[in-house]
Amino acid sequence: MISFGESSIHFAFDLSAILVCFIVLLFSIIYQRTEKTQNKVFLVLVFVIMVNSVCELVTNYLQPICGRSRFLFSLMDYSRLLYFIIHAALCPVFFYYVTCVCGAMSKLNFRHNLFYAMTFVITETAVILNPITHWVYHFDEKGEYCRDFAIYAIYIAAAFYFFMAVLRLLFSWQALTARRRIALIYFMMIVVLGVFVQLIWIDLKVELLAESFGLLGIMLSVENEDDRVDPNTGVYNRRAFENDLNTCFINKTVLHLLCIKITNADITERVGSGNAYSVLNTTISGKLMELFPRYCIYKTSADTFVLTVFDKTDDELKHISERISDRFEKPWQVGDNEVMLNAVVMSANVPLRIGSTSDALYMADSPVPANNEKKILVDSDLDYLLRLSAVEKAIKRGFEEKTFEVYYQPTYCLDEGYPLHGAEALIRLHDTVIGHVYPGEFIPIVEKMGLIDELDDHVLREVCAFLETGIPAECGMECINVNLSVLQCIRPGFVERMIDIVSGFNIKKSMINFEITESVAANDYRVLSKTMNALKREGFLFSMDDYGTGYSNMQSIFSLDFDIIKIDKSILWSAEKGELGRIILENSVRMIRQMDRRILVEGVETSGQIELLRALGVDYLQGYYFSRPIPKKDFIELIKNKANKA
Ligand code: C2E
Ligand code: CA
Ligand code: CA
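Residue numbers for the sequence shown follow the working numbering, so the first one is 20 and each next one is one higher.
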């Protein structure tokens, strides 16, 4: 029978501790927080406290009644022994748990592990041998429990592990999120409080209950990863990736990032319903979790997953990359449809190739180069990222140090003596660190950085300032062509911005000819058409750039009010090479003529090409045959010479 009073309080404490531990175990299993090392160590911790509570409960229950029976006494004795065996493991396990949460497992080398294990093994051996040695505790003649010297050694060992856990926490402070810091401190404080209370009021055995409540707190905050998990896919989110990688850098952990980039994600829009993409993402995430349950899998953007892989050789990594790549050789199910996805797997060493969290995000966010044909990219394959990052930095410097410069390439009329027609303004970047960078390389990056408006405005201002000098008009130029990114043409307020810039100069608006590539216009046709008409009413001219490169179509030439169509150099060059090319060029010229638009051909490099174009009857020429794009100073000299000769 359990009497009321002291025993019943113990009974209530221990039973509560068991219940709390049981709930924590149950939730961990229900929420499947059992796969990763950290989860496993946590479960061991819960198990230790739970078994300890059971042992304490049995011991306390049997203690007053076991005098009557030898069997009960042995049972009580074994239960106490088991309590000590398990209890000696508590602080070491807690130390390992804190190490896991701090992401510092890799800091424990063989020697460290041996040292920590030795301390643990010695205390455990002392406990296990106690029935023979009685070094830890014994029972006197009256059957009363008495402590012996080794018990203090066990306490000291426990204090040592606890202290090491505190140190680990302090040293990894920066690597932890506020939530984790609070949870671990809460656990430590509640444990210390429990031990303290039990030390003062020796019969108030609250330590285990305090510890179980501490675990509950840890389960709700550290083990609960709701804020780290992408709710749709179940994999970790971008913030978790940043946090975990920061932790790795602080701890100087060596690892590999496997970045999976899906390069044709837009294909899902064409199959199935509107949520096809999210269905697909869930399928891919599920497959990755199934293939690699132990790795952390992150979704850093709509089409990118990243895996963090620790302690693997190059061969093992290659094998993992191949497994991922192979899976993408098979179709994916989206509703009733199957789709094939193209994925590129990039494998990069941290910190050798990826030196910071921002570098890692840079890799995850950068598009795969257009000419890439490999399915797996490693080491030197990733050099393009270094270049990309270097160009991005050069662009930022370009804006700060004003190292962007506008060059001019003249355009001529296809008449006797090639009279000057105008010029195209082309931007250049002269960087102090990486040297000259060409727009073909940096314009797409400027667009991605969201700075294209700023750059195009700068070019427009420079051109206006040049026109305001009156030199171009004096030399007989009709206009200067300014390239515009079509993306910004369709943004609200664009018309007003252009007018605003040009109004600041004393120039005729008809001397500005905007070049746009009709690329995204298919979707935003009406907007583009309205924008163009509004600017044309102000007097500006418009050219369609890069005709024949795949974006342009006859309908857009017809319905958008372009003054000049610029036939792309590739059309000219292929016309020179073969019959098919010539047919395309001839027909393009004829059709554009019938639509009553003027024609400029760019990329003119030889006199042979000029003769070909003369026979077809185009209006203007632009190309290296006449001049490359040159700095303003040289350009002024060129047009003045030309004007003097005329
Ligand atoms: P684009 O508008 O098609 O410009 C013509 C490109 O062809 C220029 O390259 C020019 O140097 C080159 N080119 C002209 N004649 C010849 C020739 O005879 N042979 C050869 N091989 N090339 C010739 P660039 O200056 O490197 O510009 C590349 C692209 O960058 C431009 O293509 C344009 O799309 C973009 N871009 C240049 N400046 C700007 C700008 O200020 N704003 C915007 N948004 N884009 C610009
Ligand atoms: Ca152009
Ligand atoms: Ca062009």
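Don't be surprised by glycine CBs; every beta carbon is placed ideally from N, CA and C.
Please output, in chain order, the residues near ligand 3 using a CB cut-off of less than 6 Å to any non-hydrogen atom of the ligand. Asp-564, Asp-565, Lys-585, Asp-587 and Glu-621
Whole-angstrom C-beta distance between Leu-234 and Cys-74, which should lie under 8 Å: Incorrect: roughly 17 Å between the Cβ atoms, too far for contact.
Tell me whether the region 390-398 and the region 351-368 touch, counting them as touching only if at least three CB pairs, one residue from each stretch, are closer than 8 Å. yes
CB of Asp-475 within 8 Å of CB of Ser-504, strictly: yes
Rounding to the nearest angstrom, what Cα-Cα distance links Gly-642 and Arg-601 in this structure? 19 Å
Cβ of Leu-277 less than 8 Å from any chain D Cβ? Included in the structure is just one protein chain, with no chain D present.
Can you find the residues in the same chain that come closer than 7 Å, C-beta to C-beta, to Met-238, ignoring five residues on each side of it along the sequence? Val-43, Phe-46 and Ser-47
Provide the residue(s) that pair with Phe-423 in DSSP beta bridges, ordered along the chain. Leu-448
Would Glu-13 pass as a contact of Lys-585 if the rule is Cβ separation under 8 Å? This structure does not reach residue 13, given that the chain is present from 20 up to 665, and the question cannot be answered.
Among Asp-345, Glu-348, Val-298 and Ile-104, which has the Cα closest to the Cα of Thr-142? Ile-104
Roughly how many angstroms lie between the CA atoms of Lys-306 and Leu-404, to the nearest whole one? 28 Å
What does the Cβ neighbour count give for Phe-168, buried or exposed, with the cut at 16 atoms within 10 Å? exposed
N- and C-terminal bounds of the beta strand (DSSP E) containing Leu-277: 274-281
If we ignore side chains and look at the alpha-carbon of each, how far apart do Asp-519 and Arg-198 end up? 50 Å
Quick check on DSSP: helix, strand or coil for Phe-23? The predicted position of Phe-23 is uncertain, since its pLDDT is 40 and thus under 50; a value taken from the coordinates is nonetheless stated next. DSSP places Phe-23 in coil when its eight states are reduced to three.
Can you check whether the CB of Ile-373 is closer than 8 Å to the CB of Leu-277? no
Could you have a look at Asp-564 and say whether DSSP puts it in helix, strand or coil? strand
Distance between Gly-469 and Leu-380 (C-alpha atoms, nearest Å): 17 Å
Confirm the yes/no value for this check: CB of Asn-502, any heavy atom of ligand 2, distance under 7 Å. yes
Below 8 Å, how does it come out for the region 100-114 and the region 240-257: are there three or more Cβ pairs, yes or no? no
Among Glu-392, Pro-370, Lys-318 and Pro-350, nearest to Asp-384 - alpha-carbon criterion: Lys-318
Nonlocal neighbours in the same chain, by C-beta distance under 6 Å from Leu-310, ignoring five residues either side: none
Determine the direct distance from the alpha carbon of Gly-495 to that of Gly-489, and round the result to whole angstroms. 10 Å
Runs of 4 residues minimum, wholly inside the region 169-230: which ones carry the alpha helix (DSSP H) assignment? 197-219
Whose CA, out of Arg-447, Ile-526 and Thr-451, lies closest to the CA of Ile-462? Arg-447
Run of the beta strand (DSSP E) containing Tyr-317, from where it starts to where it stops: 315-320
As assigned by DSSP and simplified to three states, the class of Pro-463: helix
Nonlocal neighbours in the same chain, by C-beta distance under 7 Å from Gln-352, ignoring five residues either side: Thr-302
Please classify Met-359: does DSSP put it in a helix, a strand, or coil? coil
What is the DSSP secondary structure of Ala-36, counted as helix, strand or coil? helix
Mind checking Ser-98: buried by the 16 CB within 10 Å criterion, or exposed? buried
Cβ of Pro-429 within 7 Å of any heavy atom in ligand 4? Here the bound small molecules are ligand 1, ligand 2 and ligand 3; ligand 4 is not part of this structure.
For Val-325 and Val-410, what's the separation of their Cα atoms in angstroms? 24 Å
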